[in-house]
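First comes the structure, then the notes that go with it.
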Amino acid sequence: MNSLRVVCYLNQFFGQLGGEDKAGVGPQAVKGAVGPARAVEQALGGAGTVVATVRCGDNYVAEQTDKAVAELLALVAAERPDLVVAGPAFLAGRYGVACGALCAAVQAELGIPAITGMHGENPGVDLYRRQVYIVETGAEAGRMLAEVGRLVALGLKLVRGEPLGPPAAEGYFARGVTRHVLAERNAAERAVAMLTAKLAGRPFASEVPLPDFPRIPAPRLLKTLEGATIALVTDGGLVPQGNPDGIEPLNATRYGGYSIEGKAGLDAGQYDNVHRGYDTTYVKQDPHRLVPVDVARELEEQGAIGKLHETVYSTTGVATTLAHSARMGREIADKLRQAGVDAVILTST
Amino acid sequence: MRLRLELRRSQVNALTAASATRLAGQRLDVDVDGLRAVLEGDPRLARLRIDLVHPGERCRIGRVFDVVAPRAKLDGSDFPGVLGPVARAGDGVTLALDGVSIVLTDQQAEHAAMLAVIDMAGPTAALSTFGRTHNVVISAWPAAGMGRAEYLAAVRLAGLKTAVHLAQAAREAEPDAVQVFELPSPARVPAELAHLPRVAYVFQIHSHQRPTGVDEGILYGDPVRRMVPTILHPNEILDGAVLRGFMGRNATTWAIQNHPVIRALYAEHGRTLWFTGVVVTVAHATEPERVRSAFMAADLVAHVLGADGALLTKIGGGAPHVDMAQAAAQCEALGVKTTLIVEDMSTDGSAEGMLLFDFPGMDALVNVGSGQHRLPFPAMERVVGADDLAMKLGGEMNATYGTLCGAIEQIGATNVMAVVE
Chain B
81 MNSLRVVCYL
91 NQFFGQLGGE
101 DKAGVGPQAV
111 KGAVGPARAV
121 EQALGGAGTV
131 VATVRCGDNY
141 VAEQTDKAVA
151 ELLALVAAER
161 PDLVVAGPAF
171 LAGRYGVACG
181 ALCAAVQAEL
191 GIPAITGMHG
201 ENPGVDLYRR
211 QVYIVETGAE
221 AGRMLAEVGR
231 LVALGLKLVR
241 GEPLGPPAAE
251 GYFARGVTRH
261 VLAERNAAER
271 AVAMLTAKLA
281 GRPFASEVPL
291 PDFPRIPAPR
301 LLKTLEGATI
311 ALVTDGGLVP
321 QGNPDGIEPL
331 NATRYGGYSI
341 EGKAGLDAGQ
351 YDNVHRGYDT
361 TYVKQDPHRL
371 VPVDVARELE
381 EQGAIGKLHE
391 TVYSTTGVAT
401 TLAHSARMGR
411 EIADKLRQAG
421 VDAVILTST
Chain V
18 MRLRLELRRS
28 QVNALTAASA
38 TRLAGQRLDV
48 DVDGLRAVLE
58 GDPRLARLRI
68 DLVHPGERCR
78 IGRVFDVVAP
88 RAKLDGSDFP
98 GVLGPVARAG
108 DGVTLALDGV
118 SIVLTDQQAE
128 HAAMLAVIDM
138 AGPTAALSTF
148 GRTHNVVISA
158 WPAAGMGRAE
168 YLAAVRLAGL
178 KTAVHLAQAA
188 REAEPDAVQV
198 FELPSPARVP
208 AELAHLPRVA
218 YVFQIHSHQR
228 PTGVDEGILY
238 GDPVRRMVPT
248 ILHPNEILDG
258 AVLRGFMGRN
268 ATTWAIQNHP
278 VIRALYAEHG
288 RTLWFTGVVV
298 TVAHATEPER
308 VRSAFMAADL
318 VAHVLGADGA
328 LLTKIGGGAP
338 HVDMAQAAAQ
348 CEALGVKTTL
358 IVEDMSTDGS
368 AEGMLLFDFP
378 GMDALVNVGS
388 GQHRLPFPAM
398 ERVVGADDLA
408 MKLGGEMNAT
418 YGTLCGAIEQ
428 IGATNVMAVV
438 E
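Quick mapping for you: the protein sequence lines, in order, are chains B and V. Take 81 as the starting number for the first sequence in the numbering used here and just add one per residue. Take 18 as the starting number for the second sequence in the numbering used here and just add one per residue.
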């Protein structure tokens, strides 16, 4: 392989521009290796050369991240690198976030690998570990040479397309993404071994990380029901005929808001159901089995609830990613709050 | 009295079309016309085609519906309740052919992209159980006006008839291996083995996300529509009492006939554990059914089988995944330790989406990977079982693990697994 072209990214301090007083300095590129980039050059051995060091003040990036990253990206691209090494940023928060943002942009825009290093408590880790390989370092630059060595070794594997070992073995933060491998034994044999270990009180390693979903307590209703506006929301796949919002049958990224103004109930002929995760026969026969507009109208009539909100929100909750679920939930909640809704009846399947 | 199943296994290393069906050493000769005569005459089917394909051929089988292993009772009812008369399975001698599979295709499905393929050469062949066996591919076209369930019932019946017809060729043969499966009643543990932990297997055999057809025999021919958890002897499952339903996402009848969990538990039985039996369940569509099934399964495991540990598997999609976990949570609540085999349910490759449940005690999970992970398929020279799609299926494809039949089996017969990085 030809000698690789490597570009390093450093902040004002490691880039030898100065301390906090230089934190507002804008992006600039200098030829060759500066400061810690020399350690990168050394770790590359004969494999490559640091063709340029791009540097920028921490505050400049923190205060206008999108603009700063675009400017840095242009400087990086001009050097036609094969690999970008950012930092390491250790426990420096603004620096870590800048390294993560630049690496993510380099990968996405330039299509080349980028790598950085940080301490586990650097906020850049949580923000960018999913997109970027971040090597775990100490809090300070005390073991710079060894840590840069690990960073470069991993970067070279990425450039060469070599398979990476598991996070613990390679020293990077788990990105939280899955990859398929072939196990030596089939799943049934592994399961029997795991169960006998669990029964004997011996240690065993689950093959799926245990979930760590935040618990969200239901808020208290601050009014009486008689004075409250109630909305109906469902992830059971109710849509008007023709599915006007194109809500996906599974893996949804979209939801719809459908007016029930002037309707005493839902006419089965006007609605369809696109959910692919359950038997929708009965819901298609009578949509009230999923979204009880009929009963809610009666309660409204009787004064048991103050008012029924005139928009029903609906999506399909099947194989939906956590990220899209959270986003759609937030957007629907915002709309309901702006409309003065006090409580929601959420019907699922 | 106890059930004693003797599997006489004959290895097949070559499959040839011939004038008579017979097993000559490790070569299986198939009289294709004779087999066709056995299968013809079902009024639900208009026309029938039989192809023989072999490992190493640059061939892709398309429109794959299910795969069946060749089996025939030496004396007794084959696939009782579906092919043969209803009778107890799991006892006596059964002939089995290894190295040859019966692949059934679906010529009716409109959305053929939803159906699986099997590759006979290249990296995708190495990934699938059925890319490494000689395959008898049965393609049948529906008679006019035939409904979906009727058609699929006819196709499956043709597959079971083929399984028996082929395995009967081993009737006079000296088997390459004889396996005996014998398990006493769960109460009868010899005193010297009473210290072993008692382990039950909770086998979810169907998901009612899609209701079963009248002819969709799953348990001794029953379409398990309102089934509550039931105890079976593991031999019954190894011997044809349980068949896969008509919707088979990452699951084949072949895997059930060679049930990997039952085999793995038998392998450890009397050594590191005492196998107490199998509880079969179905995943339900309504909440009361689901709750009832979960606590009844746990009761059978804990209070009837007296198990210390339980291994659980699922079939189908997301709801069954949660059903299984609910049953496991009920087991854990009764002090029964559990291990679950799960699919990676993430649709975006993220670790946080792998599971659809979050119950206490569910800390021992094995995974079979994700059917939605991308998988490149190389170009092939010919396509079998999907003439209408030959152009599309013959070339390179960027598809998924779920597209490759035999790459992922939800009951744990496969080695693919997802690791978090």
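Glycine included, every Cβ here is placed at the ideal spot set by N, Cα and C. The model shown is predicted, which means the values in this text are computed figures rather than measured ones.
1) Taking V:T330 and V:Q221 to be in contact with their CB atoms under 8 Å, please state how far apart those CB atoms are, rounded to whole angstroms.
2) Please go through the stretch 255-315 of chain V and give each complete beta strand (DSSP E) segment of 3 or more residues, from N-terminal end onward.
3) Hey, is B:T391's beta-carbon within less than 8 Å of any beta-carbon in chain V?
4) On the premise that B:Q321 lies in contact with B:Q365, defined as a C-beta separation below 8 Å, what is that separation, rounded to the nearest angstrom?
5) Grab me the residues of V:G334's own chain with a C-beta within less than 8 Å of its C-beta, minus the 5 sequence neighbours each way, in chain order.
6) For B:T401, return the contacting residues in chain V, with the cut-off set at a CB-CB distance below 8 Å.
7) Going along chain V, which residues have a C-beta under 7 Å from B:G256?
8) Going by C-alpha to C-alpha distance, which of V:D50, V:A300 and V:P87 sits closest to V:D115?
9) Which first and last residues belong to the alpha helix (DSSP H) in which B:K237 is found?
10) For the putative contact between B:V212 and B:A233, defined by C-beta atoms under 8 Å, what is the C-beta separation to the nearest angstrom?
11) On the DSSP bridge list, what partners appear for V:A157?
12) Shorter than 8 Å from the beta carbon of V:P305 to some beta carbon of chain A?
13) With DSSP as the reference, label B:K102 as helix, strand or coil.
14) Counting only runs that start and end within the stretch 144-231 of chain V, where is the alpha helix (DSSP H) found for 4 or more residues in a row?
15) Output the distance between the C-alpha atoms of V:L183 and B:G336, rounded to the nearest integer angstrom.
16) Counting only the same chain and skipping the five closest in sequence on each side, list residues whose C-beta sits under 6 Å from that of V:N152.
17) Quick check on V:M434 - is its C-beta less than 8 Å from some C-beta in chain B?
18) Closest to B:G112 by CA distance: which of B:V105, B:L90 and B:E100 is it?
19) Applying the criterion that 16 or more other CB atoms from any shown protein chain within 10 Å of the CB defines a buried residue, is B:S394 buried or exposed?
20) Is B:P289 close to chain V, meaning its C-beta is less than 8 Å from at least one C-beta of that chain?
21) In the DSSP output, which residue or residues are listed as bridge partners for V:D83?
22) Look at V:Y218 and V:V259 and say whether their C-beta atoms are less than 8 Å apart.
23) Taking any Cβ of chain V, which residues in the stretch 349-366 of chain B have a Cβ under 7 Å from it, in chain order?
24) Over the uninterrupted alpha helix (DSSP H) stretch that includes B:Q365, give me the two end residues.
25) Applying the 10 Å Cβ sphere with the 16-neighbour rule, what's the burial state of V:E286?
26) Provide the residue(s) that pair with B:P320 in DSSP beta bridges, ordered along the chain.
27) For B:T145 and chain V, any beta-carbon pair shorter than 8 Å?
28) Once DSSP output is grouped into helix, strand and coil, what is the label at B:D422?
29) Confirm, please, whether the CB-CB distance from V:P246 to V:S310 is below 8 Å.
30) Please check if any C-beta of chain V sits within less than 8 Å of the C-beta of B:K343.
31) Give the secondary structure of B:S405 by DSSP, where H, G and I count as helix, E and B as strand, and everything else as coil.
32) Just to check my reading of the structure: B:P168 and B:E227 have Cβ atoms closer than 8 Å, yes? What is that Cβ distance to the nearest angstrom?
33) Would B:M274 count as contacting chain V if we go by Cβ distances under 8 Å?
34) If I'm right that B:V87 touches B:E189 with Cβ under 8 Å, what's the distance once you round it to whole angstroms?
35) Step through the CB atoms of chain V and report whether any lies within less than 8 Å of the CB of B:E269.
36) Locate the alpha helix (DSSP H) running through B:V398, then write down its first and last residues.
Let me spell this out:
1) Locating residue 330 of chain V in the second sequence gives position 313, where the first residue counts as 1. Locating residue 221 of chain V in the second sequence gives position 204, where the first residue counts as 1. Right, their Cβ atoms sit about 6 Å apart.
2) You should have 291-300.
3) As a first step, residue 391 of chain B must be located in the first sequence, where it is residue number 311. Taking Cβ atoms only, chain V never reaches closer than 8 Å to B:T391, which makes this a no.
4) On the first sequence, position 285 is the one that residue 365 of chain B refers to. On the first sequence, position 241 is the one that residue 321 of chain B refers to. Cβ-Cβ separation between B:Q365 and B:Q321: approximately 15 Å, too far for a contact (criterion under 8 Å).
5) Position 317 of the second sequence, counted from the first residue, corresponds to residue 334 of chain V. Once the five neighbours on either side are set aside, the close Cβ partners of V:G334 are S224, Q226 and R266.
6) As a working note, residue 401 of chain B is residue 321 in the first sequence. Here the neighbours are S363, T364, D365, S367 and G370.
7) Counting from one through the first sequence, the residue named residue 256 of chain B turns up at place 176. For the C-beta of B:G256, the chain V residues within less than 7 Å are, from N- to C-terminus, S367, A368, E369 and V437.
8) One-based indexing of the second sequence puts residue 115 of chain V at position 98. Answer by Cα proximity: V:P87.
9) As a working note, residue 237 of chain B is residue 157 in the first sequence. Counting along the chain, B:K237 sits inside the alpha helix (DSSP H) bounded by residues M224 to R240.
10) Sequence index remark: in the first sequence, residue 212 of chain B carries index 132 (1-based). Sequence index remark: in the first sequence, residue 233 of chain B carries index 153 (1-based). The pair is not a contact, with the Cβ atoms about 16 Å apart (cut-off 8 Å).
11) For the purposes of this step, residue 157 of chain V is identified with residue 140 of the second sequence, where counting begins at 1. BP columns for V:A157 point to V:L65.
12) In summary, chain A is missing from the structure at hand, where the protein chains are B and V.
13) Counting from one through the first sequence, the residue named residue 102 of chain B turns up at place 22. Helix at B:K102.
14) If we require 4 residues or more, the alpha helix (DSSP H) runs fully inside the stretch 144-231 of chain V come out as 165-184.
15) Locating residue 183 of chain V in the second sequence gives position 166, where the first residue counts as 1. Locating residue 336 of chain B in the first sequence gives position 256, where the first residue counts as 1. One C-alpha to the other measures close to 55 Å.
16) If you number the second sequence from 1, residue 152 of chain V lands on position 135. Same-chain partners within the cutoff: V70, S118 and V120.
17) Residue 434 of chain V sits at position 417 when you count from the first residue of the second sequence. Judged by the 8 Å Cβ criterion, V:M434 is in contact with chain B.
18) By 1-based counting over the first sequence, the position of residue 112 of chain B is 32. Across the set B:V105, B:L90 and B:E100, the C-alpha of B:L90 shows the shortest separation from the C-alpha of B:G112.
19) Here residue 394 of chain B refers to the residue found at position 314 of the first sequence. Label assigned to B:S394: buried.
20) The residue labelled residue 289 of chain B in the question sits at position 209 within the first sequence. True, the Cβ-Cβ gap to chain V drops below 8 Å.
21) Numbered from its first residue, the second sequence carries residue 83 of chain V at position 66. Paired residue(s): V:L121.
22) Along the second sequence, read from residue 1 onward, the residue named residue 218 of chain V stands at position 201. Along the second sequence, read from residue 1 onward, the residue named residue 259 of chain V stands at position 242. No. Outside cutoff.
23) So the close ones are G357, Y358 and D359.
24) Start at 1 with the first residue of the first sequence, and residue 365 of chain B comes out as number 285. Per DSSP, B:Q365 is one residue of the alpha helix (DSSP H) stretching across T361 to Q365.
25) The residue given as residue 286 of chain V occupies position 269 in the second sequence. Looking at the sequence itself, residue 286 of chain V is His, so the reference to Glu does not match. Answer is buried; the Cβ neighbour count reaches 16.
26) Within the first sequence, the letter at position 240 stands for residue 320 of chain B. Under DSSP, B:P320 forms a beta bridge with B:Y351.
27) What you label residue 145 of chain B is simply residue 65 of the first sequence in a count that begins at 1. For B:T145, the closest Cβ of chain V is not nearer than 8 Å.
28) Position 342 of the first sequence, counting from 1, holds the residue named residue 422 of chain B. DSSP places B:D422 in the coil class of the three-state scheme, outside both helix and strand.
29) Counting from 1 along the second sequence, the entry for residue 310 of chain V is found at position 293. Counting from 1 along the second sequence, the entry for residue 246 of chain V is found at position 229. Their beta carbons are under 8 Å apart, which means V:S310 touches V:P246 by this criterion.
30) One-based indexing of the first sequence puts residue 343 of chain B at position 263. Not an interface residue.
31) On the first sequence, residue 405 of chain B is found 325 positions in, with the first residue counted as 1. If DSSP states are grouped into helix, strand and coil, B:S405 belongs with the helices.
32) On the first sequence, position 88 is the one that residue 168 of chain B refers to. On the first sequence, position 147 is the one that residue 227 of chain B refers to. Contact between B:P168 and B:E227 holds: their C-beta atoms lie close to 6 Å from each other, under 8 Å.
33) Position 194 of the first sequence holds residue 274 of chain B. Contact with chain V is found for B:M274, since one of that chain's Cβ atoms lies less than 8 Å from the residue's Cβ.
34) Position 7 of the first sequence, counted from the start, is the residue given in the question as residue 87 of chain B. Position 109 of the first sequence, counted from the start, is the residue given in the question as residue 189 of chain B. Incorrect: roughly 14 Å between the Cβ atoms, too far for contact.
35) Residue mapping note: residue 269 of chain B aligns to position 189 of the first sequence, counting from 1. At least one chain V Cβ lies under 8 Å of B:E269.
36) What you label residue 398 of chain B is simply residue 318 of the first sequence in a count that begins at 1. For B:V398, there is no enclosing alpha helix (DSSP H), as DSSP marks it with neither H nor E.
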